[in-house]
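Read the structure below first, then the notes.
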Amino acid sequence: MRLTVNGTEHELVAPPLTTLLHALREELFVTSPKAGCQQGGCGACTVLVDGEPRRACLIPLAAVEGAAIATVEGLGEAEELSPVQAAFHEHYAAQCGFCTSGFMMAAQALVDRSDGGVEREEVIEALSGHLCRCTGYVKIVDAVTAAVRGEVTTGSPA
């Protein structure tokens with residue numbers, strides 16, 4: 100099985116029915132997608148598959164062979180945060196962090212398909228199906244709205 104993860108091509112040895120989540124975490128050591136409910140309901144395992152947000156816990160490797168997979172590790176660096184990462188930092192949109200990578204990847208998909216003019220309701224719709232037990236969503240929605248509108252300072256966090 101062949102995948103491109105965060106711009107790097109990988110040849111995987113996992114069987115074709117292994118979930119993408121398991122292959123990412125256990126074979127490639129990409130740990131931002133989290134094993135939450137493992138039923139597709141919480142969004143903690145969300146990654147981008149060819150630019151579209153998908154639940155990695157539900158996808159067998161065979162369904163994504165040759166695809167481009169993006170995770171939080173591919174968004175930015177500690178010294179140069181992506182707009183989505185910077186927005187989450189600036190708006191204090193993470194508490195325990197377990198759900199954060201899934202929210203960030205859904206946010207990145209919205210940023211990628213948006214022209215910057217987004218309404219709060221569109222952000223809420225894009226994040227539907229993502230669960231957070233800590234923040235109450237207000238700061239997350241504010242962060243994603245800021246990222247889509249370009250109202251963030253990228254670079255190193257203070």
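Just so we're aligned, residue 100 is where the sequence shown starts under my numbering, counting upward by one. All C-beta atoms in this analysis are idealised placements derived from N, C-alpha and C, irrespective of residue type, glycine included. Remember, it's a predicted structure, so these values are computed and weren't measured experimentally.
Pair within 8 angstroms by beta-carbon distance, residue i and residue j
| i | j | result |
| --- | --- | --- |
| T145 | N105 | no |
| G139 | L157 | yes |
| L119 | M204 | no |
| L209 | V237 | no |
| K133 | A122 | no |
| D241 | H190 | yes |
For residue i, the three-state DSSP class (helix, strand or coil)
| i | result |
| --- | --- |
| S239 | Reading off the sequence shown, one finds Ile at residue 239, where the question assumed Ser. In the structure shown, I239 sits in a helix (DSSP, three-state: H, G or I). |
| T107 | strand |
| P114 | coil |
| I158 | coil |
| E178 | coil |
Range covered by the alpha helix (DSSP H) that runs through residue i
| i | result |
| --- | --- |
| R212 | 199-212 |
| P182 | 182-189 |
| A193 | Counting along the chain, A193 falls outside any alpha helix (DSSP H), and DSSP gives it neither H nor E. |
Segment limits, beta strand (DSSP E) that includes residue i
| i | result |
| --- | --- |
| H229 | Here H229 belongs to no beta strand (DSSP E), and DSSP marks it neither H nor E. |
Exposure of residue i, with buried meaning 16 or more beta-carbon neighbours within 10 Å
| i | result |
| --- | --- |
| A193 | buried |
| F202 | buried |
| S200 | buried |
Bridge partner(s) assigned by DSSP for residue i
| i | result |
| --- | --- |
| I168 | V104, V148 |
| R153 | V146 |
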